[in-house]
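The numbering used here applies: residue 2 is where the sequence shown begins, and numbers increase by one. Here's the structure we're looking at; comments come further down.
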Amino acid sequence: MITSKTRLVGLLGHPVQHSQSPIMHNAAFAEKQLNFAYAAFDVEPDRLADAIAGIRALGLRGVNVTIPHKVAIMPLLDEIDPLAKRIGAVNTVVNDNGRLIGYNTDGMGYVRSLVEETKLDVQKQVVTLLGAGGAARAVAFTLAEQGVKEIRIINRSRDRAALLAEHLGEIVPTSVVEPGDASSAIADATLLINTTSIGMFPHVDEIPVPVEWLHPGLIVSDLIYNPLETKLLKQARLIGAKPHSGVGMFVNQGALAFELWTGEPAPSETMRNIVLQQLQKTN
Ligand code: NAP
Numbered sequence: 002m003i004t005s006k007t008r009l010v011g012l013l014g015h016p017v018q019h020s021q022s023p024i025m026h027n028a029a030f031a032e033k034q035l036n037f038a039y040a041a042f043d044v045e046p047d048r049l050a051d052a053i054a055g056i057r058a059l060g061l062r063g064v065n066v067t068i069p070h071k072v073a074i075m076p077l078l079d080e081i082d083p084l085a086k087r088i089g090a091v092n093t094v095v096n097d098n099g100r101l102i103g104y105n106t107d108g109m110g111y112v113r114s115l116v117e118e119t120k121l122d123v124q125k126q127v128v129t130l131l132g133a134g135g136a137a138r139a140v141a142f143t144l145a146e147q148g149v150k151e152i153r154i155i156n157r158s159r160d161r162a163a164l165l166a167e168h169l170g171e172i173v174p175t176s177v178v179e180p181g182d183a184s185s186a187i188a189d190a191t192l193l194i195n196t197t198s199i200g201m202f203p204h205v206d207e208i209p210v211p212v213e214w215l216h217p218g219l220i221v222s223d224l225i226y227n228p229l230e231t232k233l234l235k236q237a238r239l240i241g242a243k244p245h246s247g248v249g250m251f252v253n254q255g256a257l258a259f260e261l262w263t264g265e266p267a268p269s270e271t272m273r274n275i276v277l278q279q280l281q282k283t284n
């Protein structure tokens, strides 16, 4: 029940009506019997500064931030956590007695889920990354900081891949894969990660690389979670590679935000179950 003591958190994005975050976080608060409530706020890009002033004026405990505000919010905050600064995007804000601090929990959410679900040793991974957008940056910088051996980037726009490679190269050996070399960049990799939107609902018959390029020695990870099993993951499973879906990243980025706002361990199982339930309804 919402009372005068309820602490409010929420999501700033545009659009937000399909987000699973409100249902996931409200289930988590209920499970832990915390007097918090989570709402989704559809904020037009030119009203973002007003929305941030609103967080301060209304005393919200924090927010999640999604497309298109993850980069634009940064100069409006009082402090940015070093990993979020490296990634160049914020997905979680904590209001610490009026001081707004920006974090990025996407990358750690991804790595936490990858390790939990596949039991891989992060430091032994040779990673081939498909894509160089916002999610790719979060995942790649976090993997680099966790000590993977090497990262290779395959991306449609070479310039974007080159910029990411330049920044990542300060932490880990990184290369941009030329179009003709893509299959060999996967042949001796141990972890293939799709961070593009290829294969996402409703384009479920699309696959970002030819099936013939996959091999049983790979962990194949897809950041997409709608559908739960993309065509890429299905093909990976069929040839004996180990699939890893994006749902764990979504749950864990939320779990880490929950922990930042409440100071309590998140009930990750409850969060995962409710998200799976919702996604199964729409699949
Ligand atoms: P983004 O910044 O727009 O980046 C999109 C990336 O996909 C870019 O590298 C883009 O290449 C590439 N791409 C898109 N369409 C393509 C096509 N038709 N052919 C080749 N490349 C294409 O988006 P984002 O925020 O990083 O999100 C990317 C994906 O990750 C989405 O599917 C999103 O749902 C998923 N995601 C999942 C989670 C989670 O919690 N599981 C969190 C965040 C994002 P160019 O550089 O050439 O444009």
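No residue lacks a Cβ here, since even glycine has one placed at the ideal position from N, Cα and C. The structure displayed is predicted, hence computed values, not measured ones.
Within the stretch 73 to 134, the alpha helix (DSSP H) runs of at least 4 residues that lie entirely inside it are, in chain order, 83 to 88, 107 to 119. A straight-line Cα-Cα distance of about 34 Å links ASP43 and ALA166. Secondary structure at LYS232: helix, using DSSP grouped into helix, strand and coil. When C-alpha distances from TRP214 are compared across GLY181, GLN126, LEU229, PRO203, the shortest belongs to GLY181.
Listed in chain order, the non-local C-beta contacts of LEU257 below 7 Å within the same chain comprise THR106, MET109, GLY110, local neighbours out to five positions each way being set aside. Across the set ALA38, GLY218, LEU35, ILE53, the C-alpha of ILE53 shows the shortest separation from the C-alpha of GLY14. Going by beta carbons, LEU229 and VAL248 fall inside the 8 Å limit. In the DSSP annotation of this structure, the continuous segment of the beta strand (DSSP E) that includes HIS245 starts and ends at 243 to 245.
Summarising the contact set, residues whose Cβ lies nearer than 6 Å to any heavy atom of the ligand NAP are, in chain order, ASP107, GLY132, ALA133, GLY134, GLY135, ALA136, ALA137, ASN156, ARG157, SER158, ARG161, THR196, THR197, SER198, ILE199, MET201, LEU224, ILE225, TYR226, GLY247, MET250, PHE251, GLN254.
At the C-beta level, PRO268 and ALA29 come within 8 Å of one another. Sorting TRP262, THR231, ILE220 by C-alpha distance to the C-alpha of LYS120 places ILE220 at the top. Per DSSP, the unbroken beta strand (DSSP E) holding SER176 starts and ends at 175 to 177. The stretch 20 to 28 and the stretch 273 to 281 touch, with no fewer than 3 CB-CB distances between them shorter than 8 Å. Taking the C-beta atoms as reference points, ALA190 is found no nearer than 8 Å to VAL177.
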